[in-house]
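Numbering (my numbering), first residue to last: 2 to 109. From the three backbone atoms N, C-alpha and C, an ideal C-beta is built for every residue, glycine too. Below: one structure, written as structure tokens.
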């Protein structure tokens, strides 16, 4: 039997389903993750494969974490979440736009 804590946590208990809220900015994406357990490692991915962020460990007694991606090129990203280094993503992908410029139009 493996003694890895994340393995025991995933197999031994029912874990809540994590949810994400992603917001695109001028150069980065900010992802707020809810329903995670202390000690879990979170990583933001594009298309379920390409890492967009550092791996962040949820602090003790926390159930949420906010992750900011690396600086990104302008465009659309399909953002999802990977937990504890698993190959499959635990959330549905959300499409987020980076670098979109908002114009304020005034009528004369």
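Would you report the Cα separation of residue 83 and residue 33, rounded to the nearest angstrom? Looking up residue 83 in the chain shown gives position 82. Looking up residue 33 in the chain shown gives position 32. Distance between the alpha carbons of residue 83 and residue 33: 13 angstroms.
Candidates 80, 87 and 95, of which the one nearest residue 41 by Cα: Stepping through the chain shown from its first residue, residue 41 is reached at position 40. It is 87 whose Cα lies nearest to the Cα of residue 41.
Just the C-alpha distance for residue 59 and residue 37, rounded to the nearest angstrom, thanks. Taking the first residue of the chain shown as position 1, residue 59 is located at position 58. Taking the first residue of the chain shown as position 1, residue 37 is located at position 36. Cα to Cα, residue 59 sits roughly 7 angstroms from residue 37.
From residue 71 to residue 21, what does the alpha carbon distance come to, in whole angstroms? Along the chain shown, one-based indexing puts residue 71 at 70. Along the chain shown, one-based indexing puts residue 21 at 20. Answer to the nearest angstrom: the Cα atoms are 17 angstroms apart.
Report yes if the C-beta distance between residue 67 and residue 29 is below 8 angstroms; otherwise report no. On the chain shown, residue 67 is found 66 positions in, with the first residue counted as 1. On the chain shown, residue 29 is found 28 positions in, with the first residue counted as 1. Cβ distance not < 8 angstroms, so residue 67 and residue 29 don't count as in contact.
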